[in-house]
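K.L.:
The sequence shown runs 0 to 253 under numbering that gives the first Met the number 0.
By construction, the Cβ of each residue, glycine as well, lies at the ideal position given by its N, Cα and C atoms.
Owing to the predicted nature of the structure, the values given are computational and were not obtained by experimental measurement.
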Amino acid sequence: MTVEDIEKMMLKHARKVVKEAARLREKEMSYRVLVKEYKPMWERELYSLLRGVLENVALLGRDSGFIGEREAEWVCMCDLFDGSLNFMSGLRYYAYSAALAKNGEIVYALVVDLDDMTYYRAEKGKGAHYVVGKRVEELKKAALKVPASFQIIATNVALKNVHSVEFRCTALELCALAKGAAEIGIGSTWTPELAAGFLIARESGLNFVDWEFRPIESVPIEYEKVRYVCGTPKALKEFHSRVGSISDIVVEVY
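#1: What residues in its chain sit with their C-beta under 7 Å from that of Met232, if we drop five residues either side in the sequence?
#2: So, using beta-carbon positions, are Met8 and Val56 closer together than 9 Å?
#3: Going by alpha carbons, who is nearest to Glu211 out of Thr1, Leu99, Glu165 and Gly243?
#4: Suppose you measure from the CA of Leu143 to the CA of Gly179; what does that come to, to the nearest Å?
#5: If distances are taken between C-alpha atoms only, which option among Ile220, Lys224 and His239 comes closest to Ala71?
#6: Just reading off the alpha helix (DSSP H) that His239 is part of, what are its end residues?
#7: Mind checking which residues open and close the alpha helix (DSSP H) that includes Arg43?
#8: Return the residue from the list Leu113, Leu58, Met0 and Lys18 that minimises the CA-CA distance to Tyr222.
#9: Quick check on the burial criterion: 16 or more other C-beta atoms within 10 angstroms. Buried or exposed for Lys38?
#10: In this structure, what does DSSP give as the bridge partners for Asp78?
#11: Give the DSSP-derived three-state secondary structure of Ile199 in the structure shown.
#12: Please report the straight-line C-alpha distance between Val249 and Arg43, rounded to a whole angstrom.
#13: Give me, in chain order, the residues of the same chain whose beta-carbon lies closer than 7 Å to that of Glu68; leave out the 5 immediate sequence neighbours on both sides.
#14: What's the gap between the Cα of Gly64 and the Cα of Met40?
#15: Between the C-alpha atoms of Pro214 and Glu25, what's the straight-line distance to the nearest angstrom?
#16: Looking at the structure shown, is Arg120 part of a helix, part of a strand, or coil, going by DSSP?
#17: Determine the extent of the alpha helix (DSSP H) in which Arg22 is found, giving its start and end residues.
#18: Could you say if the stretch 187 to 198 and the stretch 93 to 108 meet the contact criterion of at least three C-beta pairs nearer than 8 Å?
#19: With Ser187 as the anchor, note down where its beta strand (DSSP E) starts and where it stops.
#20: Would you call Asp81 buried or exposed, if buried means 16 or more other Cβ atoms sit within 10 Å of its Cβ?
#21: Would you mind stating whether Ser203 and Ala127 have Cβ atoms separated by less than 9 Å?
#22: For Lys133, list the residues DSSP reports as bridge partners.
#23: Using only the alpha-carbon positions, how far apart do Tyr30 and Ile245 sit?
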């Protein structure tokens, strides 16, 4: 099965997820039920779908943890309803986020904006793209067309003396960075939430460093917290010259 076939399968599953979530919201189901029952269930569903097309696959889910063999050739890292609290609160920015790692390296990523089913995709070495219907746009080129941008997108952090914006959806925040919506991203998040957006941002020409400005070249295939700064090499260099350490401007990590 090709990457395109897997992508079609995931897009179909994403539509199922948001349809079921909408039904839960209409029934006024508690957010706790969504997180504790449905989000792990959707991750197990994706695992079953992937097992049907990839012989040796495991899954590292935001809500289900690690499923399958630790030494599997393929690992899907995912949060299939990132921004779910936004959705249940009647707000925007919620996404289906999934990345495939082969032998420890992320090679494919998909982030679906579940509000309108547009999506971002990337394959290692082949760039990152934004897809609206049949229109496909390279993110690196799209970023060059942006006439103005925010200074910082903050992910799960509060910053002092800095103008920033946040979506409360890690995957879409990273995709917005890749699309040129801000110069810098500062975040603290878990690897299943980070994985897809990481490859999309990297393939669009952005780099990642930790809070001491040391390079982050890859995402661990483990359930770990990652504290990062993201931007173009030029933007990171300029930001580092103004800020000695990220800990100097972070008020709170939540």
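P.N.:
Considering the structure as presented:
#1: Residue identity differs from the one stated: residue 232 is Pro in this sequence, not Met. Excluding positions up to five away in sequence, the list reads Asn206.
#2: No, these two residues do not count as a Cβ contact at 9 Å.
#3: Comparing Cα positions, the closest option is Gly243.
#4: Computed Cα separation, rounded: 7 Å.
#5: Ile220
#6: His239 -> alpha helix (DSSP H) spans Pro232 to Arg241.
#7: Lys38 to Arg50
#8: Leu58
#9: By the neighbour-count rule (16 or more Cβ atoms within 10 Å), Lys38 is buried.
#10: Note: Asp78 sits in a beta bridge opposite Ser96.
#11: helix
#12: 36 Å
#13: Cβ neighbours of Glu68 beyond the five flanking positions: Ala57.
#14: 12 Å
#15: 45 Å
#16: Strand.
#17: It spans Val2 to Glu25 - the alpha helix (DSSP H) in which Arg22 sits, taken as one unbroken run.
#18: Yes, the stretch 187 to 198 is in contact with the stretch 93 to 108.
#19: Start and end: Ala181 to Trp189.
#20: buried
#21: Result yes, Cβ atoms of Ser203 and Ala127 sit closer than 9 Å.
#22: Under DSSP, Lys133 takes part in no beta bridge, so it has no partner.
#23: Answer to the nearest angstrom: the Cα atoms are 33 Å apart.
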